[in-house]
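With UniProt numbering, the residue at position 223 of the sequence shown is 223, and numbering never jumps. Each remark here refers to the structure printed beneath this line.
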Amino acid sequence: MALANFDRNDFFKNIDAIVSTSHPITSVEMLKGRDKPLERLQMSLNMTGRHAFIIGDRGVGKSSLAQTTAYLLQESGSEPIIVSCDPTSTLVGIANTVMTIAASNIKNVEYIQKLSVKLPWLISYEVAQENKTDNRPTLPPITDTLSATIAINTLSDWHSNVPVIVIDEFDQVPEKERQSFGIFLKQLGDKGTKVKLIFTGIGQSLNDLLDGHLSSHRQLHQEVLENLSWDARYDIIDSAMKQFGLTIDEDVKFKISGISDGFPNYIHLICEKILCVAFYKENVIKHIDFEIFSEALNDAVESVTETLRVSYDKATKFRPEHMHHILWAVADSADLQRNYSDIRESYHGVINSIDMSPLPDEKIRREFNKLLKDDHGAIIKRALSGRQGWFEFTENILRGFVRMHAERFGVTLDFKRNFTANTPTAKASTKHNYYRPSGLTPVERAASK
1 MALANFDRND FFKNIDAIVS TSHPITSVEM LKGRDKPLER LQMSLNMTGR
51 HAFIIGDRGV GKSSLAQTTA YLLQESGSEP IIVSCDPTST LVGIANTVMT
101 IAASNIKNVE YIQKLSVKLP WLISYEVAQE NKTDNRPTLP PITDTLSATI
151 AINTLSDWHS NVPVIVIDEF DQVPEKERQS FGIFLKQLGD KGTKVKLIFT
201 GIGQSLNDLL DGHLSSHRQL HQEVLENLSW DARYDIIDSA MKQFGLTIDE
251 DVKFKISGIS DGFPNYIHLI CEKILCVAFY KENVIKHIDF EIFSEALNDA
301 VESVTETLRV SYDKATKFRP EHMHHILWAV ADSADLQRNY SDIRESYHGV
351 INSIDMSPLP DEKIRREFNK LLKDDHGAII KRALSGRQGW FEFTENILRG
401 FVRMHAERFG VTLDFKRNFT ANTPTAKAST KHNYYRPSGL TPVERAASK
């Protein structure tokens, strides 16, 4: 294979150890750029009766921060209890799941009893009898908020001194059920429980997740998780390359960091694909250049989860090529919320960079407005509480996926600039001028006419 000193088994073992695309991170060493949030969570959760909510966009790394925190706080000899929510979840159901997982982690006590026997005229011998004692507790029935509180509070009696529970994807819990959690948390706090709960959920504030059903803020620490800093993005890339003794072009590293938009999963995904491309090359690879990056980016786009692909596909598949260009223009800035006039200028920048003729301004606006509609994936929505002329992606994580598409087809967008003037920022790649029409197949082109 093309990575020196790595056979197939070594490669897969090492790549799984250094990039995490399909499971949350649980170790401080792998958790890049989260030192401050991790420190705040540890300090807050050391207070009696205090719990935490980790809030942020989808894909920003909430589960990784929660589980890393949980493993740090959970005393040795016991595992943190981790459960995920879904649209059918209830407080009673989650509490029962927590208790079942906790009990399953308690091992039976085993011992061997030996009995010596000596008979006349016979050689003495020993009989060994193995005995097992079931050390697991009898779980109390949980039928309502009060019984859930009482049951969870007993965990510190038999699971560990300070049990840590992660309740992931709390935003999936039906709104009508969330009031029960507000009451539950207050009751636990009033009891001065030793149990620690760490919730994660998509949202901008604690109120978004509990819908105002919060009996007391005293028991809760709110950690709003932002996108990774540029230094943290570079750190993930450098660590992945170093694991395999590779160097990487600075411009490639910049592109990965910018395209990712600070979402760690995108960085891990692109790094994984780069390493796989390098591994399967015929010649030994020591340096990652633009050619390898370009091939890996194609693989990364194709393997992005379907839930992210569906909006982009609805907006562009079997539609005119300019729908791609308009979407790319929306992603051409560091601004999450953008004024339409700035988006239009970015569109002209995209078109100029690929040497194509722009649409008339009236048609740009008409086609842009389609992106707000369900039949085009509703990939764009009005921003700033519906303020006239301001727009944003429906989910911030979509912007990174759109940037991946633009880069894939040879258009480099501006990742850092906050618009202060109507100056286009998109440009065609100069060092690698490889614009390919936006991915329309011949069938799609024919269908779009």
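The C-beta atom is built at its ideal place from N, Cα and C for all residues, glycine as well.
Quick one: give me the first and last residue of the beta strand (DSSP E) that residue i is part of.
| i | result |
| --- | --- |
| Lys176 | First-last for Lys176: 175 to 190, but that is the alpha helix (DSSP H), not the beta strand (DSSP E). |
| Val350 | No beta strand (DSSP E) contains Val350, which is instead part of the alpha helix (DSSP H) from 340 to 353. |
| Glu302 | That residue, Glu302, is in no beta strand (DSSP E); its alpha helix (DSSP H) goes 290 to 303. |
| Ala334 | First-last for Ala334: undefined, no H or E at that position. |
| Asp168 | 164 to 168 |
| residue 490 | Beyond the ends of the chain as shown, which are 1 and 449, falls residue 490; an answer cannot be given. |
| residue 451 | Any property of residue 451 remains undetermined from this structure, which presents the chain solely from 1 to 449. |
| His221 | 220 to 225 |
| Arg40 | Careful: Arg40 lies outside any beta strand (DSSP E), inside the alpha helix (DSSP H) at 35 to 45. |
| Lys381 | 380 to 382 |
By Cβ distance below 8 Å, which residues in the same chain neighbour residue i in space, the five residues on each side in sequence not counted?
| i | result |
| --- | --- |
| Gly77 | Ser160 |
| Leu41 | Ala52, Ile54, Leu65, Thr69, Ile198, His221, Glu223 |
| Ala278 | Ala2, Leu3, Phe244, Leu246, Ile285, Ile288, Ile292 |
| Asp190 | Gly49 |
| Ser89 | Gln172, Val173, Pro174, Glu177 |
| Gln204 | Ile55, Val224 |
| Ile142 | Val92, Ala95, Asn96, Met99, Ala148, Ala151 |
| Ile106 | Asn135, Arg136, Pro137, Trp158, His159 |
| Gln219 | Gly49, Arg50, His51, Leu185, Lys186, Leu188, Gly189 |
| Glu75 | Ser160, Asn161, Val162 |
Please tell me whether, using a cut-off of 7 Å, the distance from the CB of residue i to the nearest non-hydrogen atom of the ligand GTP is below it.
| i | result |
| --- | --- |
| Leu371 | What this structure holds is no ligand at all, so the ligand GTP is not there to describe. |
Could you tell me the boundaries of the alpha helix (DSSP H) in which residue i lies?
| i | result |
| --- | --- |
| Thr97 | 91 to 104 |
| residue 493 | This structure cannot speak to residue 493, because the chain is shown only from 1 to 449. |
| Arg403 | 397 to 408 |
| Ala52 | Unbroken run through Ala52 is the beta strand (DSSP E), 51 to 56; no alpha helix (DSSP H). |
| Arg233 | 230 to 243 |
| Glu321 | Here Glu321 belongs to no alpha helix (DSSP H), and DSSP marks it neither H nor E. |
| Phe391 | Taken as a continuous stretch (DSSP letters only), Phe391 belongs to no alpha helix (DSSP H), being part of the beta strand (DSSP E) at 390 to 393. |
| Ile202 | Looking at the DSSP string, Ile202 is not in any alpha helix (DSSP H); the run it does join, the beta strand (DSSP E), is 196 to 202. |
| Arg365 | 361 to 370 |
| Ile274 | 264 to 279 |
| Lys286 | No alpha helix (DSSP H) holds Lys286; DSSP gives it neither H nor E. |
| Ile152 | 145 to 153 |
What do you get for residue i, buried or exposed, if any count of 16 or more other CB atoms within 10 angstroms of its CB means buried?
| i | result |
| --- | --- |
| Asn227 | buried |
| Asp332 | buried |
| Asp144 | exposed |
| Ser63 | buried |
| Met241 | buried |
| Tyr312 | buried |
| Lys273 | buried |
| Lys176 | exposed |
| Pro24 | buried |
| Met138 | The amino acid at residue 138 is misidentified as Met; the sequence shows Thr. When all chains shown are included, Thr138 counts as exposed. |
| Leu155 | buried |
| Asp261 | buried |
| Thr193 | buried |
| Val310 | exposed |
| His376 | buried |
| Pro140 | exposed |
| Phe393 | buried |
If contacts are defined as beta-carbon pairs under 8 Å, then residue i and residue j qualify, I think. What distance do you get, rounded to the angstrom?
| i | j | result |
| --- | --- | --- |
| Ala103 | Arg136 | 5 Å |
| Ile183 | Val98 | The Cβ separation is near 17 Å, so there is no contact. |
| Ala315 | Ile259 | 19 Å between Cβ atoms; not a contact. |
| Phe263 | Val60 | 6 Å |
| Gly33 | Asp238 | About 12 Å separates the two Cβ atoms, so there is no contact after all. |
| Met323 | Glu367 | 7 Å |
| Leu210 | Phe181 | 7 Å |
| Leu188 | Trp328 | Contact flag wrong, Cβ pair sits at about 48 Å. |
| Arg408 | Val301 | 6 Å |
| Leu73 | Leu45 | 6 Å |
| Phe170 | Cys85 | 6 Å |
Between which residues of its own chain and residue i is the CB-CB distance below 7 Å, once the five residues before and five after are set aside?
| i | result |
| --- | --- |
| Trp230 | Ser257 |
| Pro37 | Leu65, Glu223, Leu225 |
| Ile397 | Asp57, Arg58, Gly59, Phe263, Leu308 |
| Asp249 | Ile288, Asp289, Phe290 |
Tell me which same chain residues have a C-beta within less than 6 Å of the C-beta of residue i, skipping the five on either side of it?
| i | result |
| --- | --- |
| Phe415 | Gly258 |
| Pro43 | The sequence given here has Met at residue 43, not Pro. So the list is empty, once near-sequence residues are dropped. |
| Leu371 | Ala315, Ile379, Ile380 |
| Asn422 | Any reading at Asn422 is ruled out, since the residue's pLDDT is 47, under 50, leaving its predicted position unreliable. |
| Thr26 | Gln67, Thr68, Tyr71 |
Does the segment 191 to 199 come into contact with the segment 160 to 171, if we say contact requires no fewer than three beta-carbon pairs (one atom in each stretch) closer than 8 Å? yes
Check whether the segment 402 to 412 and the segment 334 to 348 touch, using three or more Cβ-Cβ pairs below 8 Å as the test. In this structure the segment 402 to 412 does not lie against the segment 334 to 348, because fewer than three pairs of beta carbons, one per stretch, are closer than 8 Å.
Inspect the CB distances between the segment 347 to 361 and the segment 381 to 390 and report whether three or more fall short of 8 Å. No: the two stretches stay apart, fewer than three of their Cβ pairs being nearer than 8 Å.
Touch test, the segment 16 to 23 against the segment 261 to 270, Cβ-Cβ under 8 Å, three pairs minimum: Contact holds: three or more Cβ-Cβ distances are below 8 Å.
Do three or more CB pairs link the segment 294 to 306 to the segment 369 to 383 at distances below 8 Å? no
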